[in-house]
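**Q** Sequences listed follow chains A and B, in order. If you number the first sequence the way my numbering does, the last residue is 247 and the count never jumps. If you number the second sequence the way my numbering does, the last residue is 247 and the count never jumps.
Number of protein chains: 2
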Amino acid sequence: MKSEKPLNLDAPERGARETLNQWVYRCLRHAVMIGRVPPGRALTIREIAEALGVSTMPVREALRRLATEQALEVRDNRRVLVPHMTAAKFRELCELRIALESHAAERALPYINANHMGELIVIDDRLDTANAAGDHEAVTGLNQQFHRCLYEANPHQVSMPLIESVWLQLGPFTRLALSKLQDFYTIDRHSQAIEAIRCQDPRGLRIAIEADIRDGVTHVGTAELLNAYIRSAGQAT
Amino acid sequence: MKSEKPLNLDAPERGARETLNQWVYRCLRHAVMIGRVPPGRALTIREIAEALGVSTMPVREALRRLATEQALEVRDNRRVLVPHMTAAKFRELCELRIALESHAAERALPYINANHMGELIVIDDRLDTANAAGDHEAVTGLNQQFHRCLYEANPHQVSMPLIESVWLQLGPFTRLALSKLQDFYTIDRHSQAIEAIRCQDPRGLRIAIEADIRDGVTHVGTAELLNAYIRSAGQAT
DNA sequence: TTTTTTATATTGTGATCACAAATCGGCAAG
DNA sequence: CTTGCCGATTTGTGATCACAATATAAAAAA
Chain A
11 MKSEKPLNLD
21 APERGARETL
31 NQWVYRCLRH
41 AVMIGRVPPG
51 RALTIREIAE
61 ALGVSTMPVR
71 EALRRLATEQ
81 ALEVRDNRRV
91 LVPHMTAAKF
101 RELCELRIAL
111 ESHAAERALP
121 YINANHMGEL
131 IVIDDRLDTA
141 NAAGDHEAVT
151 GLNQQFHRCL
161 YEANPHQVSM
171 PLIESVWLQL
181 GPFTRLALSK
191 LQDFYTIDRH
201 SQAIEAIRCQ
211 DPRGLRIAIE
221 ADIRDGVTHV
231 GTAELLNAYI
241 RSAGQAT
Chain B
11 MKSEKPLNLD
21 APERGARETL
31 NQWVYRCLRH
41 AVMIGRVPPG
51 RALTIREIAE
61 ALGVSTMPVR
71 EALRRLATEQ
81 ALEVRDNRRV
91 LVPHMTAAKF
101 RELCELRIAL
111 ESHAAERALP
121 YINANHMGEL
131 IVIDDRLDTA
141 NAAGDHEAVT
151 GLNQQFHRCL
161 YEANPHQVSM
171 PLIESVWLQL
181 GPFTRLALSK
191 LQDFYTIDRH
201 SQAIEAIRCQ
211 DPRGLRIAIE
221 ADIRDGVTHV
231 GTAELLNAYI
241 RSAGQAT
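If you want it as structure tokens, here you go:
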């Protein structure tokens, strides 16, 4: 018998038009994103299939997809697991996020209309509420929604899939960051971004986006906090 | 019967340690990259499976992987095809390439040692030879090799998979660009990049990379050439 | 006790099959 | 000639099975 802990993935409702494949993907993605699967933990097809009550077929395709999105790592043993984080890798991912997203924001700027603005403001309000309530999961979700809404205003946009990949890789760790320093979120960078959009100021928008991203992670990236967490989580190979 | 043309994928040798999956993936990836599959052409699992003499299983996983890498598009019909290009999308992809790769180059700069330099110079020499011989396929391959060698010098690098995704999406079209304007490649931007590395000049390196990328595409992106090609290739839905 | 070896169990890969959704064909009605 | 409808076929999805590679465990040798 394997002595691994019995990974419990809560399964959300299955959409009507949703294939089993997509449903399993959503389950696993969410589990990885919120850090429910510890890094280094081996994910076997049959175990997940049994846990979700499906055949192995949808599971292996979902695993493969997450692997090509860099959310999971396939060793040469053909074993699949959540890659473990290093301080250097974390830094690289953050810098990449900034490069990608400030670029995407600037390219979306000319396309943003009143509808987008309204939606951005609504999301930002909800975010403040969730932040005040200390609901970290909602904060993470709404934050992503805000950024997605901004970048997808560009109808020719092609960078969103890549950005999502970076989010996936940072996912479990940024969530930790939020839980450790919830009340650090004093300056609202989103309002700053909205203001820059209103003035059609590309440079200001880039700065706001970069600051927003950095706010979420610098406390982690620079401090020993990250290393402490990495050590605690990186028990497996 | 379907009236589609009988897509011929040349199958390279199968590696010894290579799974059928990886082999099929390589075949399809190459076919898409060099533009052997016309945009809009529907790719059915069974057809490819028969063409390559394998079961449907490896094919569908390869197709799925290429789809998550944005090299293929899955319609809501569940039909898979090479996405057709628009001028705006092409522009977005080029700008994204520049943003991603100049970032990756700058981040790799501090890690580049004599070994890397030597390899870069060798690749660049071979590239000149291939260019003089008019071998477009070799030029494309060596060009990618050059950039990959540069970015992967950074041991903590995380952007290479994303860059490859953009290459895949631009693949079929940049190849066309090269074939149309082979002799435009007068200024050697790679030498310029190598020189910037030698001086440890981040700004110079960024400029060289951006210029290198732009050189390959501006003649296409700005001109009606691209539109002409898009029209000619975009016959299907 | 430590290391090597051997046997057992588990896992990923690939093939085949059943089924439902979608496509394509012709045919009839406008 | 065009438009809408219905049947035949193709296609993707998901399940199940066989097999080889890998990992795990116990047993044997040092």
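Think of the CB as a built atom: it goes at the ideal place given N, C-alpha and C, for glycine as much as any other residue.
Assign VAL84(B) to one of three DSSP states: helix, strand, or coil.
**A** Note: VAL84(B) maps to strand in three-state DSSP.
**Q** What are the boundary residues of the alpha helix (DSSP H) that VAL149(A) is part of?
**A** Run containing VAL149(A): 146-161, per the alpha helix (DSSP H) assignment.
**Q** If you count every other CB in all the chains shown that lies within 10 Å of the CB of ALA115(B), and 16 or more means buried, which is it?
**A** Buried.
**Q** Rounded to a whole number of angstroms, what is the C-alpha to C-alpha distance between ARG199(A) and VAL149(A)?
**A** Going from the Cα of ARG199(A) to the Cα of VAL149(A) covers about 14 angstroms.
**Q** GLU83(B) and VAL90(B): beta carbons closer than 9 angstroms?
**A** Cβ atoms of GLU83(B) and VAL90(B): closer than 9 angstroms.
**Q** With distances taken between CB atoms, is the gap from ARG88(A) to ARG74(B) smaller than 9 angstroms?
**A** Taking 9 angstroms as the Cβ cut-off, ARG88(A) and ARG74(B) do not qualify as a contacting pair.
**Q** Any idea which residues DSSP pairs ALA52(B) with across the strands?
**A** Paired residues: LEU91(B).
**Q** In whole angstroms, give me the CA-to-CA distance for ASN31(B) and GLY63(B).
**A** Those two C-alpha atoms are separated by around 13 angstroms.
**Q** If you reduce the DSSP assignment to three classes, tell me which class PRO120(A) lands in.
**A** Helix, per DSSP.
**Q** Taking the beta carbon of ALA124(A) as the centre, do at least 16 other beta carbons fall within 10 Å, making it buried, or is it exposed?
**A** Exposed: under 16 other Cβ atoms inside 10 Å.
**Q** Does the beta carbon of SER169(A) sit closer than 9 angstroms to a beta carbon anywhere in chain B?
**A** Output row for SER169(A): interface = yes.
**Q** Tell me, please, whether the CB atom of GLY25(A) is closer than 9 angstroms to any CB atom in chain B?
**A** GLY25(A) does not count as touching chain B.
**Q** Do you know how far the Cα of ALA140(B) is from the Cα of GLY45(A)?
**A** Spanning the two alpha carbons is a distance of roughly 48 angstroms.
**Q** Any beta carbon of chain B sitting closer than 9 angstroms to that of ASN123(A)?
**A** Chain B, which has no Cβ nearer than 9 angstroms to the Cβ of ASN123(A), makes this no.
**Q** On the criterion of 16 or more Cβ atoms from any shown chain inside 10 Å, does ASN153(B) qualify as buried, or is it exposed?
**A** Buried is the call here.
**Q** Less than 9 angstroms between CB atoms is the rule here; does VAL92(A) satisfy it with respect to chain B?
**A** So, not an interface residue.
**Q** If you draw a straight line from the C-alpha of PRO120(A) to the C-alpha of GLN210(A), how long is it?
**A** So the alpha carbons of these two residues sit roughly 7 angstroms apart.
**Q** Does the beta carbon of HIS113(A) sit closer than 9 angstroms to a beta carbon anywhere in chain B?
**A** Chain B, which has a Cβ nearer than 9 angstroms to the Cβ of HIS113(A), makes this yes.
**Q** Using 8 angstroms for Cβ pairs, my map puts LYS99(A) next to HIS166(B). What's the rounded Cβ distance?
**A** Right, their Cβ atoms sit about 5 angstroms apart.
**Q** Is PRO22(A) buried or exposed, if buried means 16 or more other CB atoms sit within 10 Å of its CB?
**A** Answer is exposed; the Cβ neighbour count stays below 16.
**Q** For ALA246(B), which of helix, strand or coil comes out of DSSP?
**A** A caution first: ALA246(B) carries a pLDDT of 35, below 50, which makes its placement in the model unreliable, though a value can still be read off. Reduced to three states, the DSSP call for ALA246(B) is coil.
**Q** Starting from HIS166(A), find everything on chain B with Cβ-Cβ shorter than 8 angstroms and list it in chain order.
**A** The contacting residues are THR96, ALA98, LYS99, ARG101, GLU102.
**Q** List, in order along the chain, the chain A residues whose C-beta lies closer than 7 angstroms to that of LEU172(B)?
**A** Here the neighbours are LEU172, SER175.
**Q** What residue range is occupied by the uninterrupted alpha helix (DSSP H) comprising GLN32(B)?
**A** Where GLN32(B) is concerned, the enclosing alpha helix (DSSP H) stretches over 30-43.
**Q** Within a Cβ cutoff of 6 angstroms, which residues of the same chain sit near MET43(A), ignoring the five residues on either side of it in sequence?
**A** Once the five neighbours on either side are set aside, the close Cβ partners of MET43(A) are GLY181.
**Q** Taking the alpha carbon of GLN202(A) as the point to measure from, which residue in ASP134(A), GLU174(A), ILE108(A), PHE183(A) has its own alpha carbon closest?
**A** It is ASP134(A) whose Cα lies nearest to the Cα of GLN202(A).
**Q** Select from ALA81(B), ALA61(B), SER65(B), HIS126(B) the residue whose C-alpha is nearest the C-alpha of GLY50(B).
**A** Minimum Cα distance to GLY50(B) is reached at ALA81(B).
**Q** Using 10 angstroms around the beta-carbon of SER65(A), count the other beta-carbons present and answer buried if the total reaches 16, otherwise exposed.
**A** Result: exposed.
**Q** Give every residue of the same chain whose Cβ lies closer than 7 angstroms to the Cβ of ALA72(B), excluding the five residues on either side of it in the sequence, and list them in chain order.
**A** Closer than 7 angstroms at Cβ, skipping near neighbours: ASN31, VAL34, TYR35, LEU38.
**Q** Measure the Cβ-Cβ separation of ARG107(A) and VAL168(A) and say whether it is below 9 angstroms.
**A** It is not a contact, given that the beta carbons lie outside the stated cut-off.
**Q** Hey, ILE58(A) and LEU19(A): beta-carbon distance below 9 angstroms or not?
**A** Yes, Cβ-Cβ distance for ILE58(A) and LEU19(A) is below 9 angstroms.
**Q** Which same chain residues end up closer than 7 angstroms to ILE122(B) when comparing Cβ atoms and leaving out the 5 residues on each side of it in sequence?
**A** Around ILE122(B): ALA163, ILE207.
**Q** At least one CB of chain A closer than 9 angstroms to the CB of ALA109(B): is that the case?
**A** Cβ-Cβ to chain A under 9 angstroms: yes for ALA109(B).
**Q** Output the boundary residues of the alpha helix (DSSP H) element that contains GLU71(A).
**A** From DSSP, the alpha helix (DSSP H) with GLU71(A) extends over 66-78.
**Q** Less than 9 angstroms between CB atoms is the rule here; does GLU79(A) satisfy it with respect to chain B?
**A** Yes, GLU79(A) lies at the interface with chain B (some Cβ there is under 9 angstroms from its Cβ).
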